[in-house]
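Reading through the structure tokens given below for one structure.
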Amino acid sequence: MKKSYSTFGLFSLIIVALITIFLGFLFGMDNPLPWIVLAVLAIIPYMHERKIRREYIDWSDKYMVGIELIDHDHQKLVGLLNQVVSAANFNMGDSYVRSVISEVVDYTKYHFDREEGLMRDNGYPGLEEHQVQHRSMIEQVEKFSKRIEERPNCEDDVCMEIYRFLKSWLINHITHTDKEVGKYLLSKGQH
Ligand SMILES: [Fe+2]
Numbered sequence: 260m261k262k263s264y265s266t267f268g269l270f271s272l273i274i275v276a277l278i279t280i281f282l283g284f285l286f287g288m289d290n291p292l293p294w295i296v297l298a299v300l301a302i303i304p305y306m307h308e309r310k311i312r313r314e315y316i317d318w319s320d321k322y323m324v325g326i327e328l329i330d331h332d333h334q335k336l337v338g339l340l341n342q343v344v345s346a347a348n349f350n351m352g353d354s355y356v357r358s359v360i361s362e363v364v365d366y367t368k369y370h371f372d373r374e375e376g377l378m379r380d381n382g383y384p385g386l387e388e389h390q391v392q393h394r395s396m397i398e399q400v401e402k403f404s405k406r407i408e409e410r411p412n413c414e415d416d417v418c419m420e421i422y423r424f425l426k427s428w429l430i431n432h433i434t435h436t437d438k439e440v441g442k443y444l445l446s447k448g449q450h
């Protein structure tokens, strides 16, 4: 219920601010207090948007592993994760949240299969170890999906919790484990 509390808190704060502005102006238009509160109220949406924008992942070359199929899938996953941020922060509705999360889960599985297929076909020596990482990631994501079922509309900030976990896992996995795969596949003439 954390999300409901924070929404209620923000709503109460706005009401108090509006009352302060109204009462402040009763004491005259040259009273600085209502003007200050008005300015603070005006920048809240801007600050909120900035905070959300910082959460998004900006795709860049540093995430490229050099193999077209893998880079395509990673880019698609980053796009889906950014949709989770939007879903969690702009109250886009329960069914939208569920559909985005389930697309993330499905696409992650699909991508892992494709990536493992490439490794298998090219005799990648670290395949088993890599598969273990993929499996544990899928297990974690499925646990999160169950939590989503129990908490509609991203209650308890569950969507952002999932997002932050996936973001840090994916970036760490791409920049370390998958980069090694990329190097190996490039040496085998893949592109
Ligand atoms: Fe991988």
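The opening position of the sequence shown corresponds to residue 260 in the numbering used here, with each subsequent residue numbered one higher. For every residue, glycine included, the Cβ atom is placed at its ideal position computed from N, Cα and C.
What are the start and end residues of the alpha helix (DSSP H) that includes residue i?
i, result
"Lys321", "First-last for Lys321: undefined, no H or E at that position."
"Ile414", "One detail in the question is off: residue 414 reads as Glu in this sequence, not Ile. Premise fails: Glu414 is in no alpha helix (DSSP H) and is neither H nor E."
"Arg373", "353-380"
"Gln392", "386-409"
"Asn348", "327-348"
"His307", "291-314"
"Val287", "Note that residue 287 is Gly in the sequence shown, not Val. Premise fails: Gly287 is in no alpha helix (DSSP H) and is neither H nor E."
"Tyr443", "438-446"
Rounded to the nearest angstrom, what separates residue i and residue j at their Cα positions?
i, j, result
"Leu429", "Phe371", "12 Å"
"Glu374", "Ile329", "7 Å"
"Ile421", "Ala301", "31 Å"
"Arg212", "Ile311", "Given a span of 260 to 450 for the chain in the structure shown, any question on residue 212 remains unanswerable."
"Met396", "Leu444", "23 Å"
"Glu452", "His333", "Given that the chain is displayed from residue 260 to residue 450, the structure contains no residue 452 and the question cannot be resolved."
"Asn341", "Glu414", "18 Å"
"Glu439", "Tyr322", "12 Å"
"Leu285", "Phe270", "23 Å"
"Thr434", "Val275", "47 Å"
"Lys261", "Gly268", "Bear in mind that the predicted position of Lys261 carries a pLDDT of just 49, short of 50, making it too unreliable to give a figure here."
"His389", "His331", "19 Å"
Report the residue from the options whose alpha carbon sits nearest the alpha carbon of residue i.
i, options, result
"Val364", "Gly352, Lys321, Ile302, Glu398", "Glu398"
"Pro448", "Ile278, Asp437, Leu377", "A small fix is needed here, since residue 448 is Gly in this sequence, not Pro. With distances taken between Cα atoms, Gly448 lies closest to Leu377."
"Asn381", "Glu409, Ser446, Thr279", "Ser446"
"Tyr383", "Phe349, Leu292, Lys442, Gly352", "Lys442"
"Gly283", "His333, Ser354, Pro293, Ile303", "Pro293"
"Ser319", "Tyr305, Glu308, Gly338", "Gly338"
"Val400", "Leu386, Arg423, Glu387, Tyr305", "Arg423"
"Gly280", "Gly287, Val296, Leu272", "According to the sequence displayed, residue 280 carries Ile and not Gly. With distances taken between Cα atoms, Ile280 lies closest to Val296."
I'd like the list of long-range same chain contacts for residue i, defined as Cβ closer than 8 Å, with 5 residues on each side in sequence excluded.
i, result
"Cys418", "Val343, Ala346, Ala347, Val356, Ile360, Ile407"
"Lys335", "Tyr366, His370"
"His432", "Gln392, Met396"
Does at least one heavy atom of ligand 1 sit under 8 Å from the Cβ of residue i?
i, result
"Glu388", "no"
"Asp437", "yes"
"Phe371", "yes"
"Val440", "yes"
"Glu374", "yes"
Just to confirm my understanding: we take residue i, look at its own chain, exclude 5 residues before and 5 after, and list those with CB closer than 7 Å. What are they?
i, result
"Glu327", "His450"
Grab me the residues of residue i's own chain with a C-beta within less than 6 Å of its C-beta, minus the 5 sequence neighbours each way, in chain order.
i, result
"Asp437", "Val324"
Of all Cβ atoms in chain C, is any one closer than 9 Å to the Cβ of residue i?
i, result
"Met351", "Judged by its chain identifiers, the structure shown contains no chain C, having just a single protein chain."
Closer than 8 Å to a non-hydrogen atom of ligand 3 - does that hold for the CB of residue i?
i, result
"His432", "With respect to small molecules bound, the structure shown includes ligand 1 and not ligand 3."
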